[in-house]
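Have a look at the structure below, then the notes.
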Amino acid sequence: MKAHQELLKSLKEQFESNTTTIADYEATALSSIIRWQWATEPQFYLEQLSIERSRKPKGRLMKNEPAEKKYCVRMGYNANDQLVYEEAWTNHPTNGYKKFYLNQVNQILSYTFKRNGKLDEIELLKLENSIPSWFGNVARHKASSIDNYTYEVGKLSEIRTMWVSEPYVQFPLYKINYDEFDNLKLIVRTDAPSDFFPEGQQIEVFQQTAYSLKALTTIFVEETMRQLKAALIAPSNKTPNCLLLVLENPFNSEDWLPLKFGFRKVELNFETEGMLKDFFDLELLELLANKEANAALTKVSNLLMQEIELKEKYDLPYKLLIKIAKELKKWLKTQAGISDQLMIFPLDFPDDYSLETVGILRRIYSVKEIK
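Plus 1398 on top of the position in the sequence shown (first one is 1) and you've got our numbering.
The following block contains the structure:
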């Protein structure tokens, strides 16, 4: 990994010694632009397979300049149809960034500035015979990555990465697989044992799927219901009177699906305005076992997380939580031998920590049912 370390050192030196201002870059880039394009997300990344590896949303192109620029990206192209400028807006006019691309013969550099004029990130893509060979980035407030690309029969087959967030260093290896039509099929990440991963890890960070998002949600609901029904029928779970169905930290981890669940035996006497944190011990999350899912539920969960993020369906996880809770409530009414006093709590953590208990129950119960 010596070459990785040398490239990282070089980029750090460039970042620290840079004296070119945002105005200097604007003077060069803006005058060369002959075409503008608007989108909801960036459309180009120097880091290869960045969308698939990091599950970044692809966004959509826009026909015209939006009336409101919030959460939009503007891209400028030169006469060679090369991207030379990218500007993004967030939820506040003072946030966002301006990025400038310098297209050279054997490399492409990008410089990202915050709106206050401070350099925020430098990225570099090295090319050999117009094919990407190395990528590196150094930023003010995020980890650095150095990638080396390996090819087989003209296709990218391996990415050897050095990921640095002081004092931690990781060396992930990405293996890229293709189908018989040379379409991207699977990306597998392997990490050696480290402080981050004491036992190491091997995970599929991207999988090609022929299923639509609608089909995946249908399968997910079916497999989750199968798991929950089996747990409820088990003799050991016939005495608790509360079932906690939990969506925890969606989009903030690599395993927020399948849903977590657990059973509780509590006194069902709470005030109308009582808070969930007063009704349940908030340490319950540590007690909630993420039940071992079968192979089908694990696979569909991984695909569903991937597609939800890529397609920007940010409200779908919560909708799935409520749908499954309602399906389960309906099924319980048909089951003799399972307590009809079992109350289902569809919980969306961490947002629900301080909500009223009754308000959470009203997601699937009527006022009459709660009484």
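Using N, Cα and C, we set each Cβ at its ideal position, and we do this for glycine too. Computed from a prediction, not measured in an experiment: that's the story for all the values here.
- F1511 carries a strand assignment under DSSP once its states are collapsed to helix, strand and coil.
- With contact defined as three or more Cβ pairs closer than 8 Å, the stretch 1541 to 1550 and the stretch 1415 to 1430 are not in contact.
- In the DSSP assignment, V1562 falls within the unbroken beta strand (DSSP E) covering K1553 to S1563.
- Comparing alpha carbon positions, the residue from M1741, K1709 and A1477 closest to E1665 is M1741.
- Closest option to H1539, judged by alpha-carbon separation, among T1510, L1522 and S1752: T1510.
- Runs of the beta strand (DSSP E) lying entirely within the stretch 1564 to 1637 and spanning at least 3 residues, in chain order: 1566 to 1568, 1571 to 1576, 1582 to 1589 and 1599 to 1605.
- By the Cβ rule, the stretch 1454 to 1473 counts as touching the stretch 1426 to 1443, because three or more pairs are nearer than 8 Å.
- For L1708 against P1455, the beta-carbon gap comes to about 6 Å, under 8 Å, which counts as contact.
- Membership of T1488 in any beta strand (DSSP E) is not indicated, and neither H nor E is assigned to it by DSSP.
- N1504 has its alpha-carbon roughly 17 Å from the corresponding atom of N1535.
- The straight-line gap separating the alpha-carbon atoms of Y1572 and E1450 is approximately 12 Å.
- In terms of Cβ geometry, F1747 and L1645 form a close pair [threshold 9 Å].
- DSSP, read as helix, strand or coil, puts G1494 in coil.
- It is roughly 27 Å from the alpha-carbon of Q1606 to the alpha-carbon of S1528.
- P1530 is bridged by DSSP to L1525.
- Between the stretch 1489 to 1497 and the stretch 1402 to 1417, the count of C-beta pairs closer than 8 Å stays below three; the two stretches do not touch.
- Counting other Cβ atoms within 10 Å of its Cβ, M1399 stays below 16 and is therefore classed as exposed.
- Selection K1612, W1487 and P1591 evaluated against K1717 yields K1612 as nearest (Cα-Cα).
- I1742 carries a strand assignment under DSSP once its states are collapsed to helix, strand and coil.
- Between the stretch 1585 to 1596 and the stretch 1695 to 1703 there are fewer than three C-beta pairs closer than 8 Å, too few to call the two in contact.
- Residues V1698 and L1702 of the same chain have their beta carbon placed closer than 6 Å to that of F1618, with the five preceding and five following residues left out of the count.
- The shortest CA-to-CA distance from Y1499 to any of K1516, I1431 and Y1469 is the one to I1431.
- With a contact defined as Cβ atoms closer than 8 Å, L1642 and F1743 qualify at about 5 Å.
- In the DSSP assignment, the residues bridged to G1660 are L1642.
- If you ignore the 5 residues before and after L1753, its C-beta comes within less than 6 Å of the C-beta of L1674, all in its own chain and listed in chain order.
- In the DSSP assignment, the residues bridged to E1754 are M1673.
- CA-CA distance, I1544 to M1560, rounds to 5 Å.
- When the Cα atoms are used, E1526 and K1721 turn out to be separated by approximately 51 Å.
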